[in-house]
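Below is one structure, written out as structure tokens; the observations come after it.
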Amino acid sequence: MKKNILLLSLVTIQTLIFADVESLGEIEVISTNKTKQKASQSTSNIDVITSEEIRQNGYTSIVDALSNTLGINISQNGGIGQKSSFFLRGMDSGKILVLVDGMRLNDPSTTNSTSMIEFLPISNVEQIEVIRGGSSSVWGANASAGVINIITKEALKDGVTGSVGINGGSHQTKGSDVSLFYKNGKLNTRLLGSIFDTNGISALAPQKSEKDGYNSKNLTAGIGYDFTDTTKASIALIKTKTKGDYDDEYNSNSANDDYSNFITDSTNIAGTISTKVGSIDSVFNITHGNYKREYFTTSLWGDGDNRYEATTNEYSLINSYAHKFGKSVLGFEYKDIDGFNQYNTYAPTDGSFINRGIFLSNSINPTDKLLIEANLRYDDFDKFDGKVTYKLGAKYNILDNASFRANYYTSLNAPSVYQLANPVFGEILKPSFVNGYDMGLSYKDFVTLTYFDNKIKDDIVYDYTNWGYYNNSADENIRGLELAFSTMNIYDNFRVRANYTHLIDMKDTSGTPLYNRPKDETNGWLEYFYDENTIASLNAQYIGERYSPFGYPASPMASGNYTVWNLNLTKKYNDNIDVGLHLKNLFDKEYQSIYNYNSEGRSIYADVRYRF
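In full-length UniProt numbering, the protein residues as written are 1 to 612.
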């Protein structure tokens, strides 16, 4: 398999000069410095997944879309809706900041402040921005691996517009979504809703055991008004409810556990006021997040009811100044985060902290060929010492179509409120700290080679002997290579894309390996454009050597070395109707992304969308 991928890559390089597509650099992103700018005006490593790519590849979830992205690996405890573990450059999800329209989705009641991306709908997504590399110097805590910003759809033209979509397929999967937009120049409103339901597959192996279903409902709403050309206001709401089954490893029925289930309820609200005076733009944001999760199970120890709840309140003022050399951004932030968890009727454990931050970001072009980016941020906490983080980056255009970039950064990861509530006895938790850098070469945005190296100090880990969290005295080191070929025509209407991530090292200084990260991951696409409205895409994903912890005390168990193929067909009949047919796991490969947990076998899905 590796030889085939290498051969494909060599052929792709030879045909690179025939590529003719829109450059990523022309796409506008928000994630790099909290203001809208072209991707080319940042030294950061950026990927953008568009709604068109989501449709063409038949992605049924955010997990699907991200799992094929350069530098990201996702493993899941079963099928759709089951717990996901995702990694960016080998760093876990607690070090990845996830946003929807700028609203922070990381749930502080989870064990590591991860975002529950498996519950997010994909039907309302316009694009997904992925920033690889430490970003705490702008975004603060828990962005040391990078940032994922999900942008939802909004009205693109005046009048009433919208769409209706239905989808369904294997495992009695069915879903529907509706979007409605109205825009009249000053007023801009949107209402999007989706429902999804599946019988699923058994979470625990073997595959033919009792199925674990999943159901989700989502509502996204927003209204914006332009008082003048320079003063605007908006408010947005995202509401998601889910319920599903799972298999408790400690249940005597194991994979045939038909009792264990969960429910979740999350609400995110944001209000924004923006003004512009001359060359200065100011944006004031207020966001509120509430996250509730409850897990029910039964085992040898009796019935269990685990409740988790967290609340976040954030306020920020972002000021940007556009000048002839580039842009400067000054930001002020305040966060109040608290939460608790409770098992049955035992006394709840709780945790909270307040975070105040100030940052300054500058991007300048001293010459036409050189871009320099410098960020500096200070975070003050009421429960632990303050931290300074920074980033220094440069991008130099060696030739008209080739560039070299390098970034050095520091980042921090604050303990989650769950970790604060459950430390090892006598342990006072503090933020972990990351020193890292990356450097790379790019040609026309079509081929990119990047080396990265991150060192993590005082990482927060769980002690299974003393039943609590502590700061690990052994530093962790994760370094690797990223290689991407993007949108290259090889013959007539055929196009090839591929990306490859290799983790050279992923262990702490004591030699302990970091689990659930594959040493190698390759994603490749062969696309055929029959005409501008009909596209066929063959996709393959190779996952290399990977180990998962199993048993107590944990032993490393192999869960990698497999390839999964997918086939997608999409057809746009006219300006109003398009359809898709998606065959997943084409050769019915039996594999496990986490040891002892199932993954979906061969399955087929179809969707139809009507736009008006």
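Backbone N, C-alpha and C fix where the C-beta goes; we use that ideal spot for every residue, glycine too.
Subject >> Contact the segment 394 to 408 vs the segment 43 to 50: 3+ CB pairs below 8 Å >> reply: These segments touch.
Original post:
Who are the near neighbours of residue 591 in its chain, counting only those whose CB is closer than 6 Å to its CB and skipping five residues on each side?
Top reply: Contacts found: 562, 599.
Original post:
Are residue 221 and residue 191 touching if we call contact CB-CB under 8 Å?
Top reply: Yes; because the gap between Cβ atoms is below 8 Å, this pair is in contact.
Original post:
Would you report the Cα separation of residue 301 and residue 251, rounded to the nearest angstrom?
Top reply: Rounded to the nearest angstrom, the two C-alpha atoms are 9 Å apart.
Original post:
Looking only at its own chain, which residues have a Cβ that is under 6 Å from the Cβ of residue 232, when we skip the five neighbours before and after it?
Top reply: The answer, listed in chain order, is 226, 274.
Subject >> Under the three-state DSSP convention, the category residue 476 falls into >> reply: DSSP places residue 476 within a strand segment (E or B) once states are collapsed to three.
**OP:** Just confirm the distance between the C-beta atoms of residue 417 and residue 115, as a whole number of angstroms; I'd bet it's less than 8 Å.
**Re:** Not confirmed; about 15 Å, so no contact.
Original post:
For residue 605, which three-state DSSP category applies?
Top reply: In the structure shown, residue 605 sits in a strand (DSSP, three-state: E or B).
Subject >> the segment 115 to 128 in contact with the segment 197 to 210 per 3-pair CB rule at 8 Å >> reply: Touching, no.
**OP:** Grab me the residues of residue 593's own chain with a C-beta within less than 7 Å of its C-beta, minus the 5 sequence neighbours each way, in chain order.
**Re:** Annotation for residue 593: 75, 76, 559, 599 place their beta carbon closer than 7 Å to its own, counting only its chain and skipping 5 residues before and after.
**OP:** Identify whether residue 37 lies in helix, strand or coil by the three-state DSSP scheme.
**Re:** Strand.
Subject >> Sequence-distant residues of the same chain with beta carbon closer than 8 Å to residue 16, five excluded per side >> reply: Annotation note: pLDDT 34 at residue 16 (below 50); position unreliable, no value reported.
**OP:** Would you list the residues sitting across from residue 236 in a DSSP beta bridge?
**Re:** According to DSSP, residue 236 bridges with 222, 270.
**OP:** Give the DSSP bridge partners of residue 423, in chain order.
**Re:** As a beta-bridge residue in DSSP terms, residue 423 pairs with 469.
**OP:** Say whether the segment 146 to 164 touches the segment 450 to 467, bearing in mind that this needs 3 or more beta-carbon pairs closer than 8 Å, one atom from each stretch.
**Re:** They do not touch, by the three-pair rule.
**OP:** Leaving out five residues on either side along the sequence, give the residues of the same chain with a beta carbon under 6 Å from the beta carbon of residue 538.
**Re:** Annotation for residue 538: 526, 567 place their beta carbon closer than 6 Å to its own, counting only its chain and skipping 5 residues before and after.
Original post:
What is the rounded straight-line gap between the Cα of residue 637 and the Cα of residue 304?
Top reply: The first residue shown for the chain is 1 and the last is 612, placing residue 637 beyond what the model contains.
**OP:** Could you spell out the range, first to last residue, of the beta strand (DSSP E) harbouring residue 170?
**Re:** Boundaries for residue 170: no beta strand (DSSP E) harbours it, and the DSSP string shows neither H nor E there.
Original post:
Shortest alpha-carbon distance to residue 103 belongs to which of 367, 377, 315?
Top reply: The shortest C-alpha separation from residue 103 is found at 315.
Original post:
Excluding the five sequence neighbours on either side, which residues of its own chain have a C-beta within less than 6 Å of the C-beta of residue 86, listed in chain order?
Top reply: Cβ neighbours of residue 86 beyond the five flanking positions: 74, 93.
**OP:** Please name the residue, chosen from 349, 69, 188, that lies closest to residue 419 on a Cα-to-Cα basis.
**Re:** Per the C-alpha coordinates, the member of 349, 69, 188 positioned closest to residue 419 is 349.
Original post:
Residues bridged to residue 59 by DSSP?
Top reply: For residue 59, which the question treats as bridged, DSSP gives no partner whatsoever.
Original post:
With residue 309 and residue 257 assumed to form a contact (beta carbons below 8 Å), what rounded beta-carbon distance in angstroms separates them?
Top reply: Not confirmed; about 25 Å, so no contact.
Subject >> residue 358 to residue 409 span [Cα, whole Å] >> reply: Going by C-alpha positions, residue 358 is about 17 Å away from residue 409.
Subject >> Pair within 8 Å by beta-carbon distance, residue 607 and residue 579 >> reply: Cβ distance < 8 Å, so residue 607 and residue 579 count as in contact.
Original post:
What's the gap between the Cα of residue 478 and the Cα of residue 133?
Top reply: If I take the Cα positions, the gap works out to 12 Å.
**OP:** Compare the C-alpha of residue 601 against each of 278, 208, 363, 521 and name the closest.
**Re:** That would be 208, whose Cα lies nearest to the Cα of residue 601.
**OP:** Please go through the same chain and pick out, in chain order, the residues whose beta-carbon is closer than 6 Å to the beta-carbon of residue 482, but skip the five residues on each side of it.
**Re:** So the qualifying residues of the chain are 70, 71, 450, 501.
**OP:** Take residue 27 and list the residues in its own chain whose beta-carbon comes closer than 6 Å to its own, dropping the five residues that flank it on each side.
**Re:** The residues are 39, 48.
Subject >> Buried or exposed (CB count within 10 angstroms, at least 16 for buried), residue 228 >> reply: So residue 228 counts as exposed.
Original post:
Taking just the CA atoms, how far does residue 535 sit from residue 480?
Top reply: Straight through space, the alpha carbons of residue 535 and residue 480 are spaced by roughly 34 Å.
**OP:** Flag this pair as yes or no: are the beta carbons of residue 153 and residue 179 separated by less than 8 Å?
**Re:** Contact: yes.
**OP:** Give me the Cα-Cα distance between residue 197 and residue 589, rounded to the nearest whole angstrom.
**Re:** Taking the straight line from one Cα to the other gives about 24 Å.
Original post:
DSSP three-state call for residue 378: helix, strand or coil?
Top reply: Residue state, collapsed to three classes: strand.
Original post:
Any Cβ of chain C within less than 8 Å of the Cβ of residue 151?
Top reply: This model lacks chain C altogether; it includes just one protein chain.
Subject >> Of the residues 384, 392, 382, 587, the one placed nearest residue 376, counting alpha carbons only >> reply: Cα-wise, what sits closest to residue 376 is 392.
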